[in-house]
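S.K.: Structure provided below as structure tokens; questions to follow.
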Amino acid sequence: MAKLDPALFVREVRQEVARVTWPSRKETLITTGLVLALSAAAAVFFLVVDQIIAYAMRMLFGVGG
């Protein structure tokens, strides 16, 4: 079994982090806004679909919210 060397581990982690291409503040804000907008759109879509299904159940079977 290999001996664990914490100093070597930290050096390797720092090297890997230095290779990462980090997004700019503008890119981060744009993608965050898109995620929030698409999440809201999905929520509205599923709300509408749920209401349509509930209405159909009420009309067909007289049950449902």
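Residues 1445 to 1509 in this note's numbering are what the sequence shown lists, from first letter to last. C-beta: ideal position from N, C-alpha, C; glycine also.
Between which residues of its own chain and A1481 is the CB-CB distance below 6 Å, once the five residues before and five after are set aside?
M.R.: Excluding sequence neighbours, A1481 sits near nothing in its chain.
S.K.: Could you tell me the boundaries of the alpha helix (DSSP H) in which T1475 lies?
M.R.: Note, T1475: alpha helix (DSSP H), 1469 to 1505.
S.K.: Starting from V1454 and walking both ways along the alpha helix (DSSP H), at which residues does that stretch end?
M.R.: That run of the alpha helix (DSSP H) goes 1450 to 1463.
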